[in-house]
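Residue numbers (my numbering): 179 to 432.
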Amino acid sequence: RFLGERRNTPESHGAGRPAVAEVVANAAVFEIARATGVRCHIVHSSLARGIDQAKRYREEGVAATAETCVQYLVFEEGQVLEMGARLKQNPPIRPAQERAALWEKVVADEVDFVSSDHVAWPLSRKSNPEFSENGSGMPGLETLLAALYTGMVTERGLAPSRVAALLSERPARHFGLYPRKGALTPGADADFAIVAPGPWTFDAAGMASAVKWSPYDGMTFGARVTGTYVRGTPVYAEGKVTGAPGTGTFVRPI
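What follows is the structure in structure tokens.
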């Protein structure tokens, strides 16, 4: 309807995907899971109500889980008007009160895990004046840990282990990879990141990604990743990827 009325704007993107549509879509998935007995997972919940839905269905015996993305915890709807399609996301970035409600769920430890929904669109796919013609999603892999750490530890005083649980342990458990992944225990793969607490201003020009832009450009975070190890081998250090191509391994659920 909005497109038919030539209302192809940042405002129409959010208005055309209202909260009620997300909640109803979630309910349909959960009811199908109830009827069939399968597991179901809601990706990229932009609403605290989506987290509540998953919790209620679990209490009723449905194998229901839900994640959110860090951008829903960082940005709010008004910033879409300022940044345009760089913040185009599905579901859309929600109003500030929805962001605050979602943070309450994170603090209460009711969110199953947090993801980036990373997609490396070039700016040419984010600069069309016809808003709907732009790609949805944003590069977020290199800022995921720093952004979540800042919100949870720096700003809200939560334990760093809570960040590790949301980004590593719980995803590994969900996909059947724990304890080979998501743990630092004897027999695990020794995948880990070195995190340095302290102010760090993110410069998109220095990204490892080829796109060299980010909605987080210029933000100051409360920590940064200084090193990454995979199976005990260093693969990233101080902004440089050092891992050799072809050293990855296929991981099956345990």
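Where a beta carbon is used, it is the ideal one built from N, C-alpha and C, also for glycine.
The structure presented is a predicted model; accordingly, all values stated were derived computationally and were not measured.
| Check | Outcome |
| --- | --- |
| Residues that E245 bridges to, as DSSP identifies them | F291 |
| Whole-number beta carbon distance between G400 and T332, since they are thought to touch under 8 Å | 3 Å |
| Per-residue DSSP class, three states only, for G439 | With the chain covering 179 to 432 only, the question about residue 439 has no answer from this structure. |
| Under 7 Å between C-beta atoms of P300 and V419 | no |
| DSSP beta-bridge partners of G384 | Note: G384 sits in no beta bridge, so no partner. |
| DSSP state of Y356 mapped onto helix, strand, coil | coil |
| Entirely enclosed alpha helix (DSSP H) segments - the stretch 294-366, minimum 4 residues | 322-327, 338-342 and 348-352 |
| Whether V429 touches L355 by CB criterion (7 Å) | yes |
| Three-way DSSP call (helix, strand, coil) for Y394 in this model | coil |
| Residues of its chain near Y407, where Cβ-Cβ distance is below 7 Å and the 5 sequence neighbours each way are ignored | A368, D369, F370 and V413 |
| Beta-bridge pairing of G405 - partner residues as DSSP gives them | I372 and A415 |
| Whole-angstrom C-beta distance between V292 and V252, which should lie under 8 Å | At roughly 11 Å, the Cβ-Cβ gap does not stay under 8 Å, so V252 and V292 are not in contact. |
| Rounded separation between M385 and G262 - CA only | 21 Å |
| Delimiting residues of the alpha helix (DSSP H) encompassing H451 | Since the displayed the chain opens at 179 and closes at 432, residue 451 lies outside it and no answer follows. |
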